[in-house]
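Heads up, the sequence shown is in the UniProt record's numbering, so the first residue is 1 and it goes up one at a time. Glycine included, C-beta positions come from ideal geometry on N, C-alpha and C.
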Amino acid sequence: MLLRKADVLEGALKFLDAEGLDGLTMRKLGAALNVQGGALYRHYPSKAALLDAMADKLFEGVGDSLPDAPWSEQLYILGDRLRTALLTHRDGARLVSGTHSTGANAVATAGVIVDILCRAGLTAAQAGSLSFALYYYVLGHTIDEQTQSHPPADDDWQSHKAQLTAGLAPRHADALESLISTDPAERFAYGLRTLIEGIAVRIPPKEAAAASR
1 MLLRKADVLE GALKFLDAEG LDGLTMRKLG AALNVQGGAL YRHYPSKAAL
51 LDAMADKLFE GVGDSLPDAP WSEQLYILGD RLRTALLTHR DGARLVSGTH
101 STGANAVATA GVIVDILCRA GLTAAQAGSL SFALYYYVLG HTIDEQTQSH
151 PPADDDWQSH KAQLTAGLAP RHADALESLI STDPAERFAY GLRTLIEGIA
201 VRIPPKEAAA ASR
């Protein structure tokens, strides 16, 4: 059976879910697809090129069909979609962070963010900078989620948590406890809303009023 480029990409994402990013090599992927490793290079000239394609696949559809809503809500929905997309695959956020996000899907997603911010009243330069801030918030938070190795219910982790808070001032211990025990999705939502509220402060009053109509 002829190995198509789409087959390689699909197989690579399945391999990622099974073995993780550190386990992915062209040789191992070739074996999983029942072909020589060299056969993969007909479609992707290097492992880096394959990783770029895998990362771009995760952006697919993130910016599509946003509801008719205020810019702040559209931005929130888009950020939440991106987190969901990264969580779809094992090590998804780390995969994206280690690649150049210049594929068609990633560029389209970035364009949607810039358009939302410009319609809200920001300049293109401001929108570009703030889109990076949003992107790296989502990416950083999701990397932390996917690399968390100690679930809160684990006895060893509970013991470690007690040691962490033992010598802290009460407010510091409370802050750490809240950070550790809060559901990741809830923590993410709070941070994303706060980031968007900060963006809103930078929008000139006239533009903000126009954007809210």
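Excluding five sequence positions before and after L195, the CB atoms of its chain that fall closer than 6 Å to its own CB belong to Y137, given in chain order. Inclusion of G92 and L66 in the CB contact set at 7 Å is not warranted, their separation being larger than that value. The C-alpha of D17 lies about 14 Å from the C-alpha of L51. Collapsing the DSSP output to three states places I203 in coil.
Non-local beta-carbon contacts of A39 in its own chain, meaning distances under 7 Å to residues more than five positions away in sequence, involve L3 and G30 in chain order.
Here the C-alpha atom of H172 lies approximately 8 Å from the C-alpha atom of T165. Spatial neighbours of D7 in its own chain (CB-CB distance under 8 Å, excluding positions within 5 residues in sequence) are listed in chain order as L33.
When DSSP states are grouped into helix, strand and coil, L192 belongs to the helix group. Beta-carbon to beta-carbon, G79 and L117 are separated by about 12 Å, too far to satisfy the 8 Å threshold. The three-state secondary structure of P170, taken from DSSP, is helix.
Annotation: Y190 to G167 spans about 28 Å, alpha carbon to alpha carbon. One Cα belongs to T102, the other to S131, and the distance between them is close to 14 Å. The alpha carbon of A120 has as its nearest neighbour, out of L139, P184, W71 and Q148, the alpha carbon of W71. Within the stretch 78-115, complete alpha helix (DSSP H) segments of at least 4 residues are found at 92-97, given in chain order. By the C-beta density criterion, Q158 is exposed, having fewer than 16 other C-beta atoms within 10 angstroms.
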